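Since the structure comes first, as structure tokens, the remarks are kept for the end.
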Amino acid sequence: MSSEQSPSQNPESQSSDTETSQKSQPPVTLDLLPTEVLLLISGEPGKDQNIISAADFKALCLLSPPLHQVYLPFYYLGDNSGAFRQALRNADVKAMERCAQFGATPDTRWELPESGGCQCISERRRTHHRPIDELLECLYLGETPVGKCVDALEWLLQRQFDMKEQQDQPWYAANDYCDHVPEFLLMILSKSPDRARTEGICQMIKMLHSHGYSLPHNMNFDSFMCRSWEDVGLVRYITGPLGVALRSHCPPYLLELVLRDYVRRLVGFEVTYEELPHPLMQRWAGKYRLQEPEHLLFGGGVVETVDKPWWKPTNVLYTVWGLFLDLMDSSTVWAEEYRGEAADLFDKKIKILIEYQVLNQLEENMLRGIVQAMRSMITPTKAKASCNGVVSDSDSQRCWETLYRAIIPFETIEEHWILDYWDLIDTTISLGFPRECHRFHIDPGYNVYKMYHDYQMQNDQIRPTLNRPWGTEGVSKRDDGKWVDREWRHVFHSNDGSGLGVWGAVDRWRVPKWTKGGSFADIDKAVCGRWKVLDDKKRSDNGVKMRGKRYS
Numbered sequence: 001m002s003s004e005q006s007p008s009q010n011p012e013s014q015s016s017d018t019e020t021s022q023k024s025q026p027p028v029t030l031d032l033l034p035t036e037v038l039l040l041i042s043g044e045p046g047k048d049q050n051i052i053s054a055a056d057f058k059a060l061c062l063l064s065p066p067l068h069q070v071y072l073p074f075y076y077l078g079d080n081s082g083a084f085r086q087a088l089r090n091a092d093v094k095a096m097e098r099c100a101q102f103g104a105t106p107d108t109r110w111e112l113p114e115s116g117g118c119q120c121i122s123e124r125r126r127t128h129h130r131p132i133d134e135l136l137e138c139l140y141l142g143e144t145p146v147g148k149c150v151d152a153l154e155w156l157l158q159r160q161f162d163m164k165e166q167q168d169q170p171w172y173a174a175n176d177y178c179d180h181v182p183e184f185l186l187m188i189l190s191k192s193p194d195r196a197r198t199e200g201i202c203q204m205i206k207m208l209h210s211h212g213y214s215l216p217h218n219m220n221f222d223s224f225m226c227r228s229w230e231d232v233g234l235v236r237y238i239t240g241p242l243g244v245a246l247r248s249h250c251p252p253y254l255l256e257l258v259l260r261d262y263v264r265r266l267v268g269f270e271v272t273y274e275e276l277p278h279p280l281m282q283r284w285a286g287k288y289r290l291q292e293p294e295h296l297l298f299g300g301g302v303v304e305t306v307d308k309p310w311w312k313p314t315n316v317l318y319t320v321w322g323l324f325l326d327l328m329d330s331s332t333v334w335a336e337e338y339r340g341e342a343a344d345l346f347d348k349k350i351k352i353l354i355e356y357q358v359l360n361q362l363e364e365n366m367l368r369g370i371v372q373a374m375r376s377m378i379t380p381t382k383a384k385a386s387c388n389g390v391v392s393d394s395d396s397q398r399c400w401e402t403l404y405r406a407i408i409p410f411e412t413i414e415e416h417w418i419l420d421y422w423d424l425i426d427t428t429i430s431l432g433f434p435r436e437c438h439r440f441h442i443d444p445g446y447n448v449y450k451m452y453h454d455y456q457m458q459n460d461q462i463r464p465t466l467n468r469p470w471g472t473e474g475v476s477k478r479d480d481g482k483w484v485d486r487e488w489r490h491v492f493h494s495n496d497g498s499g500l501g502v503w504g505a506v507d508r509w510r511v512p513k514w515t516k517g518g519s520f521a522d523i524d525k526a527v528c529g530r531w532k533v534l535d536d537k538k539r540s541d542n543g544v545k546m547r548g549k550r551y552s
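The letter at position 215 of the sequence shown is residue 215 when you use full-length UniProt numbering, and the numbering goes up by one with no holes.
Structure representation (structure tokens):
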């Protein structure tokens, strides 16, 4: 045994001591390398042209606190504050706070690609997103709990981010100011989401209102004015916040928020304004830029921009249609929790309208008549539908008939509507007409039979079951996704007073007016019968022509 080796220092014990020593030391990591060396490995953001990917860079930073400190500002500020944008898309307030710590929460705009960059509902293609737009798109897609969206909105409001209508929408084509929230928020609400999401969206609207923002006076005005002839008389667009607030899925307090916007403009619902509109109301309504410059009828000049009507009519057929959809349409999520809940909610809203002096006696009687009709209804709604919430066509027809028949006694209600396109262009047409800031009315341009037929066509459960003598001839899907049956419409519209039949011949055939109370089933039967008569005549005429050609 060597004198240099003690008995306790045998090879085995020495090996064991070495292993123990190695285990007691920390592992070699990137943390031990100087930051300068790490930047040589990764490339330095802002200086080097070729650096490793963001994902690899982030992975390196997780292993190295020094590199972590260098990298963080570049990560949060890079890609036009891309980390903040991602946090908004997830309504992640904690991530938004981390971005704020590095000054990476600007009230900025992110450019969008021409296709596939946005899923928001808008009248015109969106060219960019702001923080509020990213959040609302997150809300619309429904992939994040609505409570997180509420918290994220509060965070943005506390920091005074822009919450107004987006600048690439039609409003700014004619107006250089805006104090209302994006229409998109109301459009999300109009889709009748479930109760939790509805409540969350209404809380967001309430929060915005408390910070001084208004709801829009008009909605989808450009789309409404530019609608096709096929869509005239149909409920294709939400035209204002009041129409949304009267839907069954919306809580009564939302209606109060809508009415307070009028109170803010210092107008009275019970007042008839004989002369010029109230300036605050006109500013709220705004202006509208025509698609093409138009000549005045009487003034002789040319106009490009006109004042929108500052008075706001609500078509009662829109109102009962919204009630019908919430009761029967399987494409909407909301459903009654108990029989008569929709009637109870509408009754509460009538009381709010009375409190704000919105209704005259005729309007009150009409709306109360709708409540009575809803309470008398025994038709199964989607809440009680036996087949996965899908309501039959016949039950839907009976519900719709019950609702529209409730307003027939009030068909002579005073009509308040834009006379036509020219009424916008040349104000001398309506100059001096007394106006109230709001009225309920029955628009004579709408027909309950045409409305329900369109519902059949858009309903994916009902449309395949329809059996009409022309089959699928004339049934097609438009570019905008809407289904149409042109054979039905051609026959139906031969009673529009023009005296023209479906093929241009003189045709005095008429279907009864809906105010006579007829059912849709009877009208549909009459249309199909008339089509057969016209088709037989067409075939007969063609046969005579063919025989004439043979003998000539």
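We treat Cβ as the ideally placed atom computed from N, Cα and C, and that holds for glycine. Here the structure is a predicted model, which is why all the values come from computation and not from measurement.
query = With 16 as the cutoff for other CB atoms within 10 Å, does residue 141 come out buried or exposed?
reply = Exposed, because fewer than 16 other Cβ atoms sit within 10 Å of the Cβ of residue 141.
inquiry  = Cutting at 8 Å between CB atoms, please list the residues of its own chain near residue 156, excluding the five before and the five after it.
reply    = Result list for residue 156: 131, 132, 135 and 163, in chain order.
message = Between the alpha carbons of residue 412 and residue 339, how many angstroms are there, rounded?
response = Roughly 32 Å between the two C-alpha positions.
key: Endpoints, the beta strand (DSSP E) within which residue 519 is located   = If you look at residue 519, you'll find it isn't in any beta strand (DSSP E); DSSP assigns it neither H nor E.
query = What is the DSSP secondary structure of residue 504, counted as helix, strand or coil?
reply = Low confidence applies here, because residue 504 scores a pLDDT of 44, under 50, leaving its location unreliable; read the following figure in that light. Reduced to three states, the DSSP call for residue 504 is coil.
message = Between which residues of its own chain and residue 23 is the CB-CB distance below 8 Å, once the five residues before and five after are set aside?
response = Confidence is the limiting factor: at residue 23 the pLDDT is only 46, short of 50, which leaves the residue's position unreliable and the question unanswerable from this model.
Endpoints, the alpha helix (DSSP H) within which residue 396 is located = Start and end: 393 to 405.
ask   = Alpha carbon to alpha carbon, how far is residue 248 from residue 326?
value = Cα atoms of residue 248 and residue 326: separation of roughly 6 Å, rounded to the nearest angstrom.
ask   = What are the boundary residues of the alpha helix (DSSP H) that residue 184 is part of?
value = From DSSP, the alpha helix (DSSP H) with residue 184 extends over 183 to 190.
inquiry  = Helix, strand or coil, according to DSSP, for residue 278 in the structure here?
reply    = It is coil, neither helix nor strand.
ask   = Exposed or buried, residue 262, counting other C-beta atoms within 10 Å across all chains shown (16 or more means buried)?
value = Only buried fits residue 262, as 16 or more other CB atoms lie within 10 angstroms of its CB.
query = Would you say the region 180 to 197 touches the region 234 to 252, given that touching needs at least three Cβ pairs under 8 Å?
reply = Contact holds: three or more Cβ-Cβ distances are below 8 Å.
message = Quick check: what's the CA-CA separation for residue 283 versus residue 539?
response = In a straight line, the C-alpha of residue 283 is about 59 Å away from that of residue 539.
key: Terminal residues of the alpha helix (DSSP H) in which residue 324 lies   = First-last of the alpha helix (DSSP H) with residue 324: 316 to 328.
query = So residue 440 is in the beta strand (DSSP E); what residue range does that whole segment cover?
reply = Looking at the DSSP string, the run of the beta strand (DSSP E) that includes residue 440 is 438 to 441.
ask   = Straight-line CA distance for residue 460 to residue 332?
value = Just so you know, the alpha carbons of residue 460 and residue 332 end up roughly 13 Å apart.
Spatially closest choice to residue 518 from 402, 145 and 218, by CA coordinates = Scanning 402, 145 and 218 for the CA closest to the CA of residue 518 turns up 402.
message = In the DSSP assignment, the alpha helix (DSSP H) including residue 349 goes from what residue to what residue?
response = DSSP places residue 349 inside the alpha helix (DSSP H), whose first and last residues are 341 to 355.
request  = Specify, as a first and last residue, the run of the alpha helix (DSSP H) that residue 477 falls within.
outcome  = Where residue 477 is concerned, there is no enclosing alpha helix (DSSP H), although the beta strand (DSSP E) it sits in stretches over 475 to 477.
ask   = Which partner residues does residue 273 have in the DSSP bridge list?
value = For residue 273, which the question treats as bridged, DSSP gives the partners 435.
task = Starting from the N-terminal side, write out each stretch of the alpha helix (DSSP H) that is 4 residues or longer and does not extend beyond the region 128 to 204.
result = Qualifying alpha helix (DSSP H) stretches, in chain order: 131 to 141, 146 to 158, 171 to 174 and 183 to 190.
Residue 261: first and last residue of the uninterrupted alpha helix (DSSP H) it sits in = It spans 252 to 264 - the alpha helix (DSSP H) in which residue 261 sits, taken as one unbroken run.
message = What does the alpha-carbon distance come out to for the pair residue 197 and residue 124?
response = So the two alpha carbons sit approximately 26 Å from each other.
ask   = Starting from residue 235 and walking both ways along the beta strand (DSSP E), at which residues does that stretch end?
value = Unbroken run through residue 235: none, as it is neither H nor E.
query = With distances taken from CA atoms, which of 87, 337 and 225 is nearest residue 291?
reply = The option with the nearest alpha carbon to residue 291 is 225.
inquiry  = Measuring alpha carbon to alpha carbon, tell me which residue in 356, 398 and 212 is nearest residue 267.
reply    = Here the closest residue by C-alpha is 356.
key: Cβ neighbours of residue 367 in the same chain (closer than 6 Å, five flanking residues each side left out)   = These residues qualify, in order along the chain: 350.
task = Return the chain-ordered list of same chain residues with a C-beta closer than 6 Å to the C-beta of residue 503, the five sequence neighbours on each side being excluded.
result = Because the pLDDT at residue 503 is just 42, under 50, the model does not fix this residue reliably, and the value given afterwards should be weighed accordingly. Within the same chain, residue 503 has no close Cβ partners at all.
task = Following the continuous alpha helix (DSSP H) through residue 460, name the residue where it begins and the one where it ends.
result = Counting along the chain, residue 460 sits inside no alpha helix (DSSP H), nor does DSSP assign it H or E at all.
message = I need the straight-line Cα distance from residue 191 to residue 329, nearest angstrom please.
response = Approximately 11 Å between the Cα atoms of the pair.
inquiry  = Is it buried or exposed, residue 450, if we count other Cβ atoms within 10 angstroms and call 16 or more buried?
reply    = Residue 450 comes out buried.
ask   = Leaving out the 5 sequence neighbours to the left and right, which residues in its chain are closer than 8 Å to residue 527 when beta-carbon positions are compared?
value = Closer than 8 Å at the Cβ level, and outside the excluded window around residue 527, lie 488, 491, 492 and 511.
key: Three-state class that DSSP yields for residue 487 in the structure shown   = Helix, per DSSP.
inquiry  = Using C-beta distances below 6 Å, list every residue in its chain close to residue 434, excluding the 5 sequence neighbours before and after it, in chain order.
reply    = Same-chain partners within the cutoff: 272 and 274.
ask   = In three-state DSSP terms, what is residue 313?
value = Secondary structure of residue 313 (DSSP, three-state): strand.
request  = Give the DSSP bridge partners of residue 288, in chain order.
outcome  = Note: residue 288 sits in a beta bridge opposite 306.
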